[in-house]
Every structure is written in structure tokens, then in C-alpha cells.
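Take a look at the structure below.
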Amino acid sequence: MNYPPAALVPAGTVPYDPKPSLQYAAKVGLQATFVGAFVATVQNALSTHNRGPAGILTKYGGTIGMFGAMGAAFAFTEAVVGNQRQRDDPINGVAGGCAAGFLAGIRRGSLPLAVASCALLGGAVGVFDYSGQNLAGRNPNESPEEKRKRFFKQKPQPPPSEESDE
1 MNYPPAALVP AGTVPYDPKP SLQYAAKVGL QATFVGAFVA TVQNALSTHN
51 RGPAGILTKY GGTIGMFGAM GAAFAFTEAV VGNQRQRDDP INGVAGGCAA
101 GFLAGIRRGS LPLAVASCAL LGGAVGVFDY SGQNLAGRNP NESPEEKRKR
151 FFKQKPQPPP SEESDE
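For the sequence shown, full-length UniProt numbering begins at 1 and goes up steadily by one.
Set out below in C-alpha cells:
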């Protein structure tokens, strides 16, 4: 690991730990392929054709491959950008989302759609990363009791009285 000298690292920050780009891309691409297989299975179950269960691969195999390719493109781009910038921040996710969105638009054969998909997916991933990678918002370490108190309205407490003991 090539860490910068301690004098160049701002106080309170952790040195960047580089990601192995190809290993990360293969792992995420495989996970996305499984998601694509699930989507293809649902598509096959909801459509009418004479291919039967083999339709998952013969009719909807492109869906499986596209999910895998988008996942791998996202992960590879995110890791390479992070490794080049030596930072782990939302910009890496924006670049990865843009790469995956661009790939989806190119599959449809439209450059304007590719650019729009790049902007949309990159923006969505960037906002997600900027919010702390948490869809729930607020503090993820908040206890259920604290969530309940925050959710339900509280009766206003009367101000403390200033009585003197004379």
C-alpha cells in the first residue's frame, strides 16, 4: 500500500485503501448476473411463448448478460476512478453509475439514450453515496425506541417553574 506521507494527510482522515479493480469487477459482475437471472426468470414466467423453462436462456439470456456487464462496468469504473484519485467518495460512484448507464443506452442503439442513462444512473448512485449509502436516512445506529419517539408526536413539556424556597 502506498500511503502518502503523514504530513500530507489531513487530520482525522484515513488513508485510502486501493481496491483490486478486476477482482472487484468480477465479484460485482457475478452478483449482478444472478440478479439478471432472477429478472429473466420472472420475465419468462410472465410471458407467453412455446420455449418453456429454456426461455430463461434462449429468449431472455440477453437480460442476464446485460445485468452482469453493467455490474462489472460499474464496479471496475468505480474502483479505477477511486484508485486514481486516492479517495473513497461519491464521485467514484457517479463515474461507475455513468459507465453502467452508458452501457445500457448503447445496448438500445441510441447515443442520446446512453448519455441520458449515464446522467440518470450516475446521479442516482452519486446521491445514494452522498447520503451515506443508507436509504433510511437519518442515523442508522438509532435505536427502535428513539425512532418511535421521533415518529410519534410528543406532548409539549411545561417550562420549569421558577419557584423560590423562601
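C-beta: ideal position from N, C-alpha, C; glycine also.
Looking from the CA of S131, the closest CA among F76, I91 and S143 belongs to I91.
P53 and I106 have their alpha carbons spaced roughly 29 Å apart. Excluding sequence positions up to five before and after C98, its CB lies within less than 6 Å of the CB of C118 and G122, all in the same chain and listed in chain order. When D89, V28 and L22 are compared, the shortest CA-CA separation from P15 is found for D89. The C-beta separation of A32 from G65 comes to about 10 Å, leaving the pair out of contact by the 8 Å criterion. For L135, no alpha helix (DSSP H) encloses it, and the DSSP letter there is neither H nor E. The Cβ neighbour count for G109, taken over all protein chains shown within 10 Å, is under 16; the residue is labelled exposed. By the neighbour-count definition (other C-beta atoms within 10 Å, threshold 16), T63 is a buried residue. When secondary structure is reduced to three states using DSSP, S131 falls in the coil class, being assigned neither helix nor strand.
Per DSSP, reduced to three states, the secondary structure at G109 is coil, with no helix or strand assignment.
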